[in-house]
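Residue numbers (UniProt numbering): 1 to 84.
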């Protein structure tokens with residue numbers, strides 16, 4: 001489910017930004033994958049009309065994954081690449 005890859009990507013971004021002189025703070029949380037997988041199976045076993053409201057109203061997964069990290073890091077990476 002991509003968990004270990006996310007840690008590697010985050011660590012790589014942090015190292016690149018640190019190498020370019022940006023202040024970086026990192027944190028890594030290990031989640032309970034079993035519970036998350038069980039919740040996913042439980043939700044997918046229901047018709048979407050019965051999903052909890054917070055799930056039905058959530059933005060698209062791509063928007064959640066792309067927006068926070070990508071929009072904040074992109075200008076910093078561009079500035080660092082131009083400076084180098």
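Yeah, the Cβ is synthetic: ideal placement off N, Cα and C, and Gly gets one too. Keep in mind it's a predicted model, so treat the numbers as computed, not measured.
For a quick check, are the C-beta atoms of residue i and residue j less than 9 Å apart?
| i | j | result |
| --- | --- | --- |
| residue 17 | residue 24 | yes |
Output needed for residue i: all residues of its chain with C-beta closer than 7 Å, excluding positions within five of it in sequence on either side, in chain order.
| i | result |
| --- | --- |
| residue 27 | none |
| residue 5 | none |
Decide if residue i is buried, meaning its Cβ has at least 16 other Cβ atoms within 10 Å, or exposed.
| i | result |
| --- | --- |
| residue 19 | exposed |
In three-state DSSP terms, what is residue i?
| i | result |
| --- | --- |
| residue 49 | helix |
| residue 26 | coil |
| residue 35 | helix |
| residue 21 | coil |
Measure from the alpha carbon of residue i to the alpha carbon of each residue in the options, then state which is nearest.
| i | options | result |
| --- | --- | --- |
| residue 74 | 14, 6 and 5 | 14 |
Going along the chain, which residues of its own chain have a beta-carbon closer than 8 Å to the beta-carbon of residue i, five neighbours each way excluded?
| i | result |
| --- | --- |
| residue 55 | 43 |
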